[in-house]
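Per the numbering used here, residue 18 is the first one in the sequence shown, and the count goes up by one each step. Note that CB positions come from ideal geometry on N, CA and C, so glycine has one too.
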Amino acid sequence: MQDLQTIGRWLMIAGVGLAAIGALVWLVGRLTGWQNLPGTIKVETNGWTCILPLLASIVLSVLLTILLNVIFRGSNR
Numbered sequence: 018m019q020d021l022q023t024i025g026r027w028l029m030i031a032g033v034g035l036a037a038i039g040a041l042v043w044l045v046g047r048l049t050g051w052q053n054l055p056g057t058i059k060v061e062t063n064g065w066t067c068i069l070p071l072l073a074s075i076v077l078s079v080l081l082t083i084l085l086n087v088i089f090r091g092s093n094r
């Protein structure tokens with residue numbers, strides 16, 4: 018079993034990574050019109066709005082899959 022310092026280090030790295038990804042997604046959402054893409058479902062009622070960017074989620078998933086495959090295949094050589 019790993020010691021607590023190693024586990025703590027990995028948790029901190031994961032936290033910083035998640036914060037960076039969150040900041041990037043937030044900036045992309047503010048600077049671009051992701052809510053206006055085709056395939057986005059927007060439900061508005063009294064007091065709240067729900068936006069489901071289905072096409073943007075699929076595109077982001079495909080791009081991240083390709084990127085991670087390139088990274089992991091390059092690191093295994």
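Same chain, Cβ closer than 7 Å to residue i, neighbours up to 5 away in sequence not counted
{"i": "P10", "result": "The question about residue 10 has no answer, for the chain in this structure spans 18 to 94."}
{"i": "A37", "result": "none"}
Sub-7 Å separation of residue i and residue j beta-carbons
{"i": "L69", "j": "I83", "result": "no"}
{"i": "V60", "j": "C67", "result": "yes"}
Neighbourhood of residue i by C-beta distance below 8 Å, restricted to the same chain and skipping five residues each side
{"i": "R26", "result": "none"}
Residue i at chain D interface by Cβ criterion, 7 Å
{"i": "I75", "result": "Note that chain D does not occur in the displayed structure, where there is just one protein chain."}
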